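Report on the structure given below.
Residue numbers (the UniProt record's numbering): 1 to 203.
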């Protein structure tokens, strides 16, 4: 009796051609393994020329930005889900969890070590999607707490979200900004101070 054909079996049997999503997935796999992404090597891996690859994903910085955002977004979501309480306590805890996750990420450490200027430009400026995406996500979190009456802010929430992210960046990437050691605990304390949260609030 012949094997019943399914959409999956058809897809597996097809000669599937590489596309932009394939390029992204391969590059993301290389990046998380600590490998430097070179566009010529990626094009060769995919069996296409550089012009095609650039048409698919943009430049190298564009591709790196998308990879970093694809890793940062779920990390922040997980950090929010792991945070207890509400209002300033919840946001402070979530940001602390998020900063700690980034600090432990070997692929991010390797990228910063290997290409510090490029990494900081993509991570902490509008040159890539990471900063804007994180500000928007933090702003949404702030709005949720404000709408529930758990948080009050004299600052516009977009500006507050931007300040929170800047605090995290300044402590997380301190080694490459000021030459000092990263201090994730201090980042969480600073965010808590900005939001008016203190450890005694949980007692």
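Note that beta-carbon positions come from the ideal geometry of N, C-alpha and C, so glycine has one too. Since we're looking at a predicted model, the values are computed, not measured.
Backbone secondary structure at residue i - three-state DSSP
i           : result
residue 183 : coil
residue 91  : helix
residue 125 : coil
residue 41  : helix
residue 141 : helix
residue 132 : helix
residue 158 : helix
residue 209 : A query on residue 209 cannot be resolved here, the shown segment of the chain reaching from 1 to 203 and no further.
residue 178 : coil
residue 74  : helix
residue 110 : helix
residue 105 : coil
residue 97  : helix
residue 153 : coil
residue 19  : coil
Same chain, Cβ closer than 6 angstroms to residue i, neighbours up to 5 away in sequence not counted
i           : result
residue 193 : none
residue 127 : 121
residue 1   : In this predicted model, residue 1 has a pLDDT of only 46, less than 50, meaning its place in the structure is not dependable enough to derive any value.
Cα-Cα separation, residue i to residue j
i           : j           : result
residue 162 : residue 191 : 11 angstroms
residue 165 : residue 34  : 25 angstroms
residue 30  : residue 68  : 12 angstroms
residue 138 : residue 72  : 12 angstroms
residue 46  : residue 18  : 6 angstroms
residue 94  : residue 122 : 23 angstroms
residue 107 : residue 171 : 18 angstroms
residue 134 : residue 26  : 24 angstroms
residue 202 : residue 74  : Because residue 202 sits at a pLDDT of 47, beneath the cut-off of 50, its placement in the model cannot be relied upon, and the point is left open.
residue 142 : residue 157 : 7 angstroms
residue 87  : residue 160 : 14 angstroms
Close-in-space but distant-in-sequence residues of the same chain around residue i (CB under 7 angstroms, 5 per side omitted)
i           : result
residue 175 : 181, 182
residue 28  : 67, 70
Proximity test, residue i beta-carbon vs the ligand FAD heavy atom, cut-off 7 angstroms
i           : result
residue 137 : You won't find the ligand FAD in this model; it holds no ligand whatsoever.
Touch test, the region 97–108 against the region 76–83, Cβ-Cβ under 8 angstroms, three pairs minimum:
Short answer: they touch.
With contact counted as at least three CB pairs below 8 angstroms, one residue from each stretch, are the region 147–158 and the region 51–59 in contact?
Pairwise C-beta distances place the region 147–158 out of contact with the region 51–59, as fewer than three of them are shorter than 8 angstroms.
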